[in-house]
Structure formats: C-alpha cells, structure tokens
Amino acid sequence: MAEPYLASTSELTAKDYNSNEYLVSEAIVNEGFFEPYKITLVLYAKGLSATDQLGQTMTLNRYTFESGKQKLVRSFNGYITNITNNGYDESKQYASYTITLLGPFRPAS
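Letter by letter, the sequence shown follows residues 19 to 127 of the working numbering.
Here it is in structure tokens:
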C-alpha cells in the first residue's frame, strides 16, 4: 500500500532537526516589523515524539511544481515552541499535529 502522506507530493513540507521530512497540510506565517515571525502549521507524521521535538529547529519549505518536480520557492527556519496532537487518521498510523514555530532568523530564501 502506498504511503498516504508523502512529503514529495506536497507544496508544503517541514523538515525537523533529524532531517525527517513531513507533509504539511496548512501553514500560516505571521510576519511583523521588527518582530520574529511566528508560523503555525499542521503536519502529518508517524511516530513523532513531541518531547523530542520541543525546542528543536524545524524548517517550513514552500514549493511549486515544474515538470512534475518540486522547486523550492521559500523556506522559514524556527524553533518549535508548541505541539498539539490533533488525533489520528482512519488507519491509526498517522497523527495530525499543530506545531508553532518562532523564527529567530530571517527567511532562509
């Protein structure tokens, strides 16, 4: 059976500090003048440990598709400050998580 949440098929992905990449279903980026940006995203993962992820870095990547391949448009780096488990999918293998990132850095690209 094919994996239902492949990051390679998404316009939005997130990569954690261990280089694990996840499909992101939605993301909101709040940018302010002279303020760090705040990102709220929803991702799907199998076996994600909130305890291990809190305080670690994560990168949100935005892609377009050209000739069937992902082309990176923009990236945001931030620290994970909050994780909420929203529940599991029908197969009980993947969970949906709402994650908050605070960006101490400027957008990577």
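We put the CB at the ideal spot given by N, CA and C, even for glycine.
- Annotated three-state conformation of Q88 is strand, per DSSP.
- Unbroken alpha helix (DSSP H) stretches of 4 residues or longer found wholly inside the region 32 to 92: 68 to 71, given in chain order.
- Distances from the CA of N95 to each of Y62, Y106, I117 and D107 were compared; the closest alpha carbon is that of I117.
- In this model, V47 and T58 are separated by some 7 Å (Cα to Cα).
- The criterion of a C-beta distance shorter than 8 Å is not satisfied by Y40 and T75.
- Within the DSSP bridge table, the entry for L30 names R80 as partners.
- In the DSSP assignment, A113 falls within the beta strand (DSSP E) that extends over A113 to G121.
- With a cutoff of 8 Å on beta-carbon distance, L119 and T99 are scored as near each other.
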